[in-house]
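Written out below as structure tokens is the structure these notes cover.
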Amino acid sequence: MAIHVTHFKVDGHLACGRHGDTLVSTTEVARVKCRSCRATDAFQDARRIERNAARRAARQTAKIAHAAYRWRAAWMQKLAAIPGRQRLPRGFAGQPFV
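The numbers in the working numbering rise by one with no breaks, and the one at position 18 of the sequence shown is 89.
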């Protein structure tokens, strides 16, 4: 049984310098198993770029979720939907009635 090692492919070449038609290669950082490929600058840069992109996406998602949770506006909208002259709770100065 042959053991297949997945290499990192950069611009059509393997990062570790090996060559051959039967070598398994990928551009996905998480699937690379070759220790020589993982030690190259090209692989390290690709991994850093991918990791930073994931962090930016997570921060953006958290920012959107935080902005979407506007409790004050939601509460005022809920009170405005109640029929009659419902008073707003304390702290909502400048608007005695909804």
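Each residue gets a CB set at the ideal place from its N, CA and C atoms; glycine is no exception.
Since the structure is predicted, the reported quantities are computational estimates derived from the model, not experimental observations.
- In this chain, the beta strand (DSSP E) harbouring Lys80 covers Thr77 to Val81.
- Between the alpha carbons of Ala133 and Thr93 lies a gap of roughly 44 Å.
- When the Cα atoms are used, Ala129 and Glu121 turn out to be separated by approximately 12 Å.
- Nearest Cα to Gly91 within the set Asp116, Ala152 and His78: His78.
- For Val95, the enclosing beta strand (DSSP E) stretches over residues Val95 to Thr97.
- Contact between Ala86 and Ala125 does not hold, since their C-beta atoms are separated by about 21 Å, which reaches or exceeds 8 Å.
- Rounded to the nearest whole angstrom, the CA to CA distance from Lys104 to Asp82 is 18 Å.
- Of the candidates Lys80, His84 and Arg89, the residue whose Cα lies closest to the Cα of Val100 is Lys80.
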